[in-house]
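Notes for the one structure printed next.
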Amino acid sequence: MFDFISKNPELVTVLFGVANFLWAIFLYFNNKKHQQNIESLKHSLNLDLERRKKVFEMKVNQFEKYYRLIDEFGKKYSVDLPKKLQPIFTEYYDKFLKAEMENNKEESRKIIVWFGDQIGNLMLDINENYVRLNSETNSLKLTSSDKLVDILNELQKCYEDSFNLSSEFISKFQEILLTQNQVLQNDYQNRMKESAMKLKNKSDELMARMRFELTEI
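Residue numbers are given in this note's numbering: position 28 of the sequence shown equals residue 17, and the series is strictly consecutive.
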């Protein structure tokens, strides 16, 4: 080997030059590949961050919209309904009694029609909120975890119970007013408060789960 190097110094120089050149090329492309891998990773991470950001924003909007509907439904059910019912029945009772005492059948008929319209509008308003909330609940289930779906199912049962109790209370309110049955009125009020409390507790559980799932995105 030494003799070969001694006899062919130029050739050896060329060979070393070629070897170094090839090594340099290898290092260059290896470094290039490494840079490409880094850029690809950065791009992938950026895409993942962007995707997570979009998912987070979408979920936040979904949750905020849904929770506003819950608040609106709860307020209409536990606060607005009793407040709206009382003056309707009071006006109906006073005018109907006056018309009957005067034997004014036409006025009695008008008052009954007016009363039916008022109650119908009230029930329509409550039913619209109930249907809208149910529809939004079903939509939310499509993109929710199994745990969140379980809570939404339980919450949906609370909505249904609240709506049915509201309908029952309205149908009985005329009887309560005419007979001045304070016991029955208190019973309905207590049941409505209990139903509203169940709705609130389940809503709080839903909020806690939503907050947790946002942190997991």
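The beta-carbon is built from N, C-alpha and C at its ideal position, and this holds for glycine as well.
Keep in mind it's a predicted model, so treat the numbers as computed, not measured.
Subject >> DSSP-derived helix/strand/coil call for Gln169 >> reply: Working through the sequence shown from its first residue, we reach residue 169 at position 180. Looking at Gln169 - three-state DSSP - the assignment turns out to be coil, as it is neither helix nor strand.
Original post:
Where Lys189 and Ala197 are concerned, what is the direct C-alpha to C-alpha distance, given to the nearest angstrom?
Top reply: The residue given as residue 189 occupies position 200 in the sequence shown. The residue given as residue 197 occupies position 208 in the sequence shown. Cα-Cα distance, rounded: 12 Å.
**OP:** Might you give, ordered along the chain, the residues of its own chain that have their beta carbon closer than 6 Å to the beta carbon of Thr126, omitting 5 neighbours on each side?
**Re:** As a working note, residue 126 is residue 137 in the sequence shown. Counting only Cβ-Cβ distances below 6 Å, and skipping sequence neighbours, we find Leu141, Gln145.
**OP:** Return the Cβ separation of Phe62 and Asn118 in integer angstroms, given the expectation that the two are a contact with Cβ distance under 8 Å.
**Re:** Indexing the sequence shown from 1 puts residue 62 at position 73. Indexing the sequence shown from 1 puts residue 118 at position 129. 5 Å between Cβ atoms; contact.
**OP:** Grab me the residues of Tyr55's own chain with a C-beta within less than 7 Å of its C-beta, minus the 5 sequence neighbours each way, in chain order.
**Re:** If you number the sequence shown from 1, residue 55 lands on position 66. Cβ within range, chain order: Glu125, Leu129.
**OP:** Give me the Cβ distance between Ser192 and Asp150, rounded to the nearest whole Å; I'm assuming they're in contact under 8 Å.
**Re:** One-based indexing of the sequence shown puts residue 192 at position 203. One-based indexing of the sequence shown puts residue 150 at position 161. Contact flag wrong, Cβ pair sits at about 14 Å.
Original post:
If we call anything under 9 Å between Cβ atoms a contact, is Lys95 one with Lys84?
Top reply: Stepping through the sequence shown from its first residue, residue 95 is reached at position 106. Stepping through the sequence shown from its first residue, residue 84 is reached at position 95. Lys is not the amino acid found at residue 95; the sequence shown has Glu there. No, Cβ-Cβ distance for Glu95 and Lys84 is not below 9 Å.
Subject >> Option in Arg98, Thr132, Leu70, Val138 with minimal Cα separation from Asp114 >> reply: Sequence index remark: in the sequence shown, residue 114 carries index 125 (1-based). Of the listed residues, the one whose Cα sits closest to Asp114 is Leu70.
Original post:
Considering Asp83, what are the terminal residues of the alpha helix (DSSP H) in which it resides?
Top reply: Your numbering for residue 83 matches position 94 in the sequence shown. Taken as a continuous stretch (DSSP letters only), the alpha helix (DSSP H) holding Asp83 covers 70 to 90.
Original post:
By Cβ distance, which residues of its chain are closer than 6 Å to Val138, with the 5 residues on each side in sequence left out?
Top reply: As a first step, residue 138 is located in the sequence shown; it is residue number 149 there, counting from the start. Excluding positions up to five away in sequence, the list reads Lys130.
Original post:
Skipping 5 residues on each side, what residues in its chain have a beta carbon closer than 8 Å to that of His23?
Top reply: As a working mapping, residue 23 is identified with position 34 in the sequence shown. Low confidence applies here, because His23 scores a pLDDT of 47, under 50, leaving its location unreliable; read the following figure in that light. The answer is none, since no qualifying residue turns up.
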